[in-house]
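Here the structure is laid out as structure tokens; the discussion comes afterwards.
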Amino acid sequence: MANLKTSFQLLSILLSLQIFLKSVSLEAITLSANSSHFNAGCIDIEREALIKFKADLKDPSGRLSSWVGKDCCSRLGVGCSRETGNIIMLDLKNRFPYTFINLEGDAYEKGMAAYRLSCLGGNLNPSLLELKYLYYLDLSFNNFQGLTIPSFIGSLSELTYLDLSSSSFFGLVPPHLGNLSNLRYLNLNSPSVLNISSYFQNLPHNYHVSDLNWITRLSHLEYLNLAYINLSSASPTWLQDINMLPSLSQLHLPFCNLYHFPQTLPMMNFSSLLLLDLEGNEFNTTIPQWLFNISTLMYPDLANCKIQGRLSNNDGRTLCNLKGLFLSDNKNTGEMTDFLESMSMCSNSSLEMLIVTRNRLSGQIPESIGKFKYLRTSQLGGNSFSGSIPLSIGNLSFLEDLSLNGNEMNGTIPDTIRQLSGLVSLDLAYNSWRGVVSEDHLSGLAKLKYFTVSSHRQSLADLRNKWIPAFSLKVFRMYDCHWGSTFPSWLKTQKNLSGLALANAGISGIIPDWVWKLSPQLGLLDLSSNQLEGELPSALQFKARAVIDLSSNRLEGPVPVWFNVSYLKLNSNLFSGVIPSNFFQEVPFLRSLYLSDNLINGSIPTSISRENSLQFLDLSRNQLSGNLHIPWKYLPDMIVINLSNNSLSGEIPPSICSCPYLQVLALFGNNLSGVPYLALRNCTELDTLDLGENGFSGSIPKWVGKNLLRLQLLSLRGNMFSGNIPPELCGLPALHVMDLAHNIFFGFIPPCLGNLSGLKTPAFYQPYSPNEYTYYSSRMVLVTKGRQLEYMHILSLVNLIDFSRNSFRGEIPEKITSLAYLGTLNLSQNQLTGKIPENIGELQRLETLDISLNHLSGSIPPSMSSMTLLSSLNLSYNNLSGPIPSANQFKTLNDPSIYEGNSQLCGSPLPTNCSTSTKEDSGFSGDEGEDESWIDMWWFYIALAPGFSLGFWVVCGTLILKKRWRYAYFRFVDRVKDRTFVVFTVSKARLQRKLGE
């Protein structure tokens, strides 16, 4: 995709150059590079204007050091008219090559520092207004540190070219720019498009416009770029305003917060439009028909715009001039057959790029794709295409990039693929291919550099060990394709490999030495999910920022220290010993460390410094000890901390919230203690907080519901938390798992739980990293359907409230039945009273309901019969009465233990017949002995009052008078209570164990 964007930008540059050539006659300009023969100097007033302009600029690299003397036309970036000597061109663009953003390690840091030094900054002096004939002004790729675009620029009336892009300007785009009636080129692209995050991350990016009405006055405009500028205020009328520009050939509005995409355009003025870039807006609509009526359009980009609907055959027939179609990351549905068929009917079709990745397209890839003879890039991944690759694919002799990954392709890979002699990148991963990938398929692909394939069916790769391929790969990735037990020897011939992945390939034994010899050039090594054994080399030199995944094997020995690695995944192995104390110093570029499910002991290294850029740390399921007092303040980029299932002790230090982007904090199953909330108040980005099975105490403070507004998963189970649940907790908009089980909470269950919007709508899940390798999925231990399970990949689908084994009292709130997406509700082992809510049947997605061991009364609501997903129910040991419903779902809930301990319940599956129970409950049949019973009761009540008073004052009076006796009595009561609780808990556990056997 990066190559596609590069092509896109090159096209933009070429078209921009055409505009510039039309705007300014180069014959009328002299520049410092070729002005030795021109001695006209420049106008005095303009020379003074430049002096004032330079005085207000910051120039750390001395780029403007040549701005001395009287001949200002010889100065760098200044262009003058050959005829009059007037300054007509001011080109102060930062020309430092920013290709360093693709570099890594020290090269990147040095490039960034040099780029920063070369930027101009400071203020823009209005003395520029003295340059009355200025045609051209370019201040792009500098750093004006949040300076607002000065409104006086709108008074430079002769301007035809204005470029202020990527220079960190801030605030409102001045409507005064609408006064530049001669303007042909306007580029205000914001800095984030450079993706130089380490430099621009602290700059304000709320660059915005109030409306776009001013743009209608720029009638000569041919190029308009407002990328990454907030246009939400202009959204309703943005298209009508821009439609007033008849000469416009390029329109760039990506990531502009546009929400309105009109489906009709009564009068279309886009007679010259070649390129339309609307990527990253949120239109939530279909592609409007008027777009397909722009006959000049060559490059429409509607990627990531939430576009939906089908691509009809009429759409393609009017787009014969298309060279590129970008529709990735949308919601387009249906088949592409008709659309491509109609486009292929164009006699002069020149389509070069077809990008529709990550949509909802289905059906088979049509044979007509072979008619697009100029196609260079075809990216169809992330859809639901099925069948085989069409045989006609071999006709695409110009094809360089073919991607079908992540579909449902269940056919074969045709032999004609070998005819793609120009193919550079082939990605067939994550499908269900039939047959094999053979040498014949790859025999003609001499230019192939990037090859990825996998199959859900684990089809065999028919490639001989002695095979010598015609290509020289840079990246080879093969997943779920069984080779046998040994490494493929033919890979030794690939001397230029920078990426190697053989995951789940059935390989066993020790990793051969020739793999390690490749390490200096490897940026990717993925040998996960095999049966590899042995120890790893302790010190290797990988390529800068390397990604290493050796998880799910049988590797052992100490944790290796590999200097240049940025992603190290060694979980689910047999590594042991301690993590070296200087580990983080020796691996300074590490961003992701996964060592879970090993045998590692000792403490967490504290050798973290300001140079570390760690984001993901997972050391769970080891034997670590010690405390959490490490220098978290040096890890400002941290996103995930998972230290669950170790033996860590002590308290959570407040410094842990020095990580401003921390989203996951998992400390389940340790020996931690104290009041954790004192340390977590500033962790405002948390969406997962798991403190379960520790020794934490204290109550839930009110600020949790106000500060942690992103919280989705909350587990406090198995601690000593106490107090009431604050109503503010109900204000967490995304919370869909709330596990407070096995604590000492008391009071009433707040009715406002019915307001938890995260349990009323489907949970929105966004991975912590979109990258294939840095993707992280949270883990959490929860009890559902009576079993304790660890949830991971489907955790975003779990909707749970578990308040079991606390001391809640009162009734079950009626409002809780409004939680339409609630899947598990466990209120067992509390002191709840009252009735089960009559409309509990509204919980249509409820699968688990446990309200056992309470004091609930009344009947089982008939509405529960409609809960068709309910598969785990426990109503035992309450005071419920009446018949057990027998309709619908209750026919499957036929285990008597569900209802035991409710003596007044009757009906199947209990042995008590409801008619018999009714007769027994009706009382005595006659009034024999009625008078005698009444007299006995009368004397009983007479004696009760004085007896109670005497006993009360004998006991309480003694306790009041004797302080020592009073203390002894209450200690005795506490011991009895504790022993009773322990005996009850142990007896219950034994009973459950016997029943389980």
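Numbers -26 to -1, 1 to 971, taken from mature numbering (1 follows the signal peptide of the UniProt record, and there is no 0), label the letters of the sequence shown in order.
Positions of the beta carbon are idealized from the N, C-alpha and C atoms, including for glycine.
Source: prediction; values computed, not measured.
Quick one: using the 10 Å Cβ neighbour count with 16 as the cut-off for buried, is S850 buried or exposed?
-> By the neighbour-count criterion, in which 16 or more other beta carbons inside 10 Å mark a residue as buried, S850 falls on the buried side.
Hey, L498 and F516: beta-carbon distance below 7 angstroms or not?
-> No, they are not a contact pair.
Can at least three beta-carbon pairs, one atom from the stretch 711 to 730 and one from the stretch 776 to 785, be found at a separation below 8 angstroms?
-> Using a C-beta cut-off of 8 angstroms, the stretch 711 to 730 makes contact with the stretch 776 to 785, since at least three inter-stretch Cβ pairs fall below that distance.
Taking just the CA atoms, how far does V755 sit from I484?
-> When only Cα atoms are considered, I484 and V755 end up about 35 angstroms apart.
So, using beta-carbon positions, are R451 and A420 closer together than 7 angstroms?
-> Cβ distance not < 7 angstroms, so R451 and A420 don't count as in contact.
Do three or more CB pairs link the stretch 50 to 59 to the stretch 81 to 93 at distances below 8 angstroms?
-> Counting C-beta pairs closer than 8 angstroms gives fewer than three between the stretch 50 to 59 and the stretch 81 to 93, which falls short of the contact rule.
Would you list, in sequence order, the uninterrupted alpha helix (DSSP H) runs of no fewer than 4 residues that lie entirely inside the stretch 772 to 820?
-> With a minimum length of 4 residues, no continuous alpha helix (DSSP H) run stays inside the stretch 772 to 820.
According to DSSP, is S164 helix, strand or coil?
-> If DSSP states are grouped into helix, strand and coil, S164 belongs with coil.
Are the beta-carbon atoms belonging to N620 and N596 less than 7 angstroms from one another?
-> Taking 7 angstroms as the Cβ cut-off, N620 and N596 qualify as a contacting pair.
Return yes when the Cβ of L639 is within less than 7 angstroms of the Cβ of I674, no when it is not.
-> No, these two residues do not count as a Cβ contact at 7 angstroms.
Can you tell me the Cβ-Cβ gap for V449 and S472, rounded? I've got them flagged as a contact below 8 angstroms.
-> Their Cβ separation, rounded to whole angstroms, is 6 angstroms, which keeps V449 and S472 in contact under 8 angstroms.
Okay, do the stretch 759 to 767 and the stretch 667 to 683 touch, 3+ Cβ pairs below 8 angstroms being the bar?
-> Result no; under three Cβ-Cβ pairs closer than 8 angstroms.
Residue range of the unbroken alpha helix (DSSP H) whose run includes V489 = That run of the alpha helix (DSSP H) goes 487 to 491.
So which of H234, E509, I189 has the shortest CA-CA distance to P220?
-> Checked all of H234, E509, I189; the closest Cα to P220 is I189.
Measure the Cβ-Cβ separation of W457 and A479 and say whether it is below 7 angstroms.
-> Yes, they are a contact pair.
Reference Q637; option with closest CA among L687, V561, G679 = Minimum Cα distance to Q637 is reached at L687.
State the Cα-Cα distance for the pair Y750 and N470, rounded to the nearest angstrom.
-> Y750 and N470 have their C-alpha atoms roughly 30 angstroms apart.
Between the Cα of L249 and the Cα atoms of L239, L617, L709, D275, which residue gives the shortest distance?
-> Considering only alpha carbons, the answer is D275.
Identify the continuous beta strand (DSSP E) that holds Q505 and give its terminal residues.
-> In this chain, the beta strand (DSSP E) harbouring Q505 covers 505 to 509.
Have a look at L706, L102, L239 and flag the residue whose alpha-carbon is nearest the alpha-carbon of A29.
-> For the residues L706, L102, L239, the minimum Cα distance to A29 belongs to L102.
Segments assigned beta strand (DSSP E), at least 3 residues, entirely inside the stretch 219 to 274 = Correct list: 224 to 226, 249 to 251.
Going along the chain, which residues of its own chain have a beta-carbon closer than 6 angstroms to the beta-carbon of S632, five neighbours each way excluded?
-> W606, K607.
Whole-angstrom C-beta distance between N306 and L335, which should lie under 8 angstroms = Distance from L335 to N306 at the Cβ level is roughly 6 angstroms; contact confirmed, criterion being Cβ atoms closer than 8 angstroms.
Under the assumption that K297 contacts L325 (Cβ atoms under 8 angstroms), give the Cβ distance between them as a whole number of angstroms.
-> That belief holds up - the Cβ atoms of K297 and L325 are roughly 6 angstroms apart, short of 8 angstroms.
In the stretch 653 to 717, which residue ranges form an unbroken alpha helix (DSSP H) of at least 4 residues, counting only runs that do not cross its ends?
-> As far as the stretch 653 to 717 is concerned, its whole alpha helix (DSSP H) runs of at least 4 residues are 678 to 681.
Pick out whichever of L162, I574, D33 has its Cα sitting closest to the Cα of N97.
-> Of the candidates L162, I574, D33, the residue whose Cα lies closest to the Cα of N97 is D33.
Can you name, in chain order, every residue of its own chain whose Cβ lies under 8 angstroms from the Cβ of G368, other than the five neighbours on each side?
-> Here the set comprises G344, P388, T390, I391, R392, Q393, L394.
Heavy atom of the ligand COA less than 6 angstroms from the Cβ of S570, yes or no?
-> In the structure on display, the ligand COA does not appear, and there are no ligands present to speak of.
Spatial distance of S846 from L422 (CA atoms) | So the two alpha carbons sit approximately 55 angstroms from each other.
Using only alpha-carbon positions, find the residue among N572, I582, N381 that is nearest to N556.
-> Among N572, I582, N381, the Cα nearest to that of N556 is on I582.
Can you list, in chain order, the residues of its chain whose CB lies under 6 angstroms from that of G254, leaving out five sequence neighbours each side?
-> When the five nearest sequence neighbours on each side are left out, the beta carbons in the same chain lying within less than 6 angstroms of the beta carbon of G254 are those of P228, F229, N278, in order along the chain.
Give the DSSP-derived three-state secondary structure of R56 in the structure shown.
-> Correct three-state label for R56: coil.
My guess is that R691 and A708 are in contact by the Cβ rule of under 8 angstroms, so how many angstroms apart are they, rounded?
-> The pair is not a contact, with the Cβ atoms about 20 angstroms apart (cut-off 8 angstroms).
What is the DSSP secondary structure of S846, counted as helix, strand or coil?
-> Looking at S846 - three-state DSSP - the assignment turns out to be strand.
Same chain only: Cβ atoms within 6 angstroms of E785, ignoring 5 sequence neighbours per side | Cβ neighbours of E785 beyond the five flanking positions: G808.
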